[in-house]
Amino acid sequence: MDVKEFDKFAEEYLKLHSQNIRVTGEEPEYFAEYKIRDLKRVSSELKVLPDNILDFGTGVGNSIPFLVKYFKETKIHGVDVSEKSLALAQNRFGSLAEFSLFDGEFLPYTNELFDIALAACVFHHIPFKKHLHLIQEISRTLRYGGIFMIYEHNPYNPLTRYAVNTCPFDENAVLLRKTEVNKILKKTGLQVVMQEYRVFFPAFLKILRPSEQCLKWFPLGGQYFVIAKKY
1 MDVKEFDKFA
11 EEYLKLHSQN
21 IRVTGEEPEY
31 FAEYKIRDLK
41 RVSSELKVLP
51 DNILDFGTGV
61 GNSIPFLVKY
71 FKETKIHGVD
81 VSEKSLALAQ
91 NRFGSLAEFS
101 LFDGEFLPYT
111 NELFDIALAA
121 CVFHHIPFKK
131 HLHLIQEISR
141 TLRYGGIFMI
151 YEHNPYNPLT
161 RYAVNTCPFD
171 ENAVLLRKTE
181 VNKILKKTGL
191 QVVMQEYRVF
201 FPAFLKILRP
211 SEQCLKWFPL
221 GGQYFVIAKK
231 Y
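1 is the number of the first residue of the sequence shown in UniProt numbering; add one for each residue after it.
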């Protein structure tokens with residue numbers, strides 16, 4: 001987890017991200033919102049009513065306005081290793097969430113604080129050897145009955161691989177297979193309760209997007225999520 005790398009791109013992140021996903025015909029807000037919409041759907045299905053949500057690896061805060069939109073009356077917490085990114089997030093959304101700096105090892109929160117934790121396309125930036133410890137840390141801060149959503153890029157999707165390979169801030173990223181995420185989650189004692197492949201159609205085919213619920217098993221979606229529950 002190279003803090004300098006994240007700090008380096010903090011001020012350019014929005015511009016670079018927008019340029020990188022131009023091929024999809026969408027803006028960054030689309031990708032930020034559908035993840036939170038999925039989280040809302042899943043939490044409702046699992047009957048999780050959150051008082052506190054953790055946005056792990058919040059970066060410049062792109063998920064924050066949508067967490068506030070879909071989880072009204074919930075306190076939102078964003079944490080990141082990049083001080084520059086957090087400064088931008090605070091400037092953009094300081095009235096909507098509480099932001100905290102993270103040393104890359106131990107989360108600055110008490111045990112069992114959060115009902116939901118989210119890591120939206122974060123773990124491919126973190127060295128694999130740190131995954132187990134960090135998920136254990138997230139689990140520590142998760143209450144019993146709470147859920148953890150990991151959203152990641154799918155390495156089997158060619159458009160995703162192209163986007164990652166041509167993105168400056170993904171230079172050192174290592175994409176994770178869904179099976180790898182499942183194995184790590186199980187090692188922490190969290191129980192995987194749901195998983196889906198997502199993002200099959202670019203903007204010019206968005207009329208087909210309602211059919212994605214029928215394709216969630218098909219391993220060629222641009223991204224995927226895994227939901228684990230703490231028992």
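The beta-carbon is built from N, C-alpha and C at its ideal position, and this holds for glycine as well. If you're wondering where the values come from, they're calculated on a predicted model, not measured in any experiment.
Distance between residue 142 and residue 112, taken at the CA atoms: about 4 Å. Among the bridge pairs identified by DSSP, residue 178 is matched with none.
Judged by DSSP secondary structure, residue 99 falls within the beta strand (DSSP E) whose first and last residues are 98 to 101. Around the C-beta of residue 62, 16 or more other C-beta atoms lie within 10 Å, and the residue is accordingly described as buried. The Cβ neighbour count for residue 44, taken over all protein chains shown within 10 Å, is under 16; the residue is labelled exposed. Nearest to residue 198 by C-alpha distance, out of 207, 222, 184, 185, is 222.
In the structure shown, the three-state DSSP call for residue 51 is coil.
Judged by DSSP secondary structure, residue 124 falls outside any alpha helix (DSSP H); it is assigned neither H nor E. Per DSSP, the unbroken beta strand (DSSP E) holding residue 80 starts and ends at 75 to 80.
Proximity to residue 75 across 52, 83, 214 peaks at 52, based on C-alpha coordinates.
According to DSSP, residue 148 shares a beta bridge with 117, 228. Where residue 34 is concerned, the enclosing alpha helix (DSSP H) starts and stops at 28 to 45. Under DSSP, residue 171 forms no beta bridge with any residue.
Between the stretch 150 to 160 and the stretch 204 to 224 there are three or more inter-stretch CB-CB distances shorter than 8 Å, so the stretches are counted as touching. DSSP places residue 198 outside any alpha helix (DSSP H); the residue lies instead in the beta strand (DSSP E), whose first and last residues are 191 to 198. Approximately 6 Å separates the beta-carbon atoms of residue 32 and residue 66; this is inside 8 Å, confirming the contact. Under the DSSP assignment, residue 158 falls in the alpha helix (DSSP H) whose first and last residues are 158 to 165. Judged by DSSP in its simplified three-state form, residue 142 adopts strand. The Cβ atoms of residue 102 and residue 54 lie no closer than 8 Å to each other. Beta-bridge partners assigned by DSSP to residue 153: 223. The closest CA to that of residue 217, considering only 204, 91, 196, is found on 196.
Looking at the backbone, the Cα of residue 181 and that of residue 91 are separated by about 33 Å.
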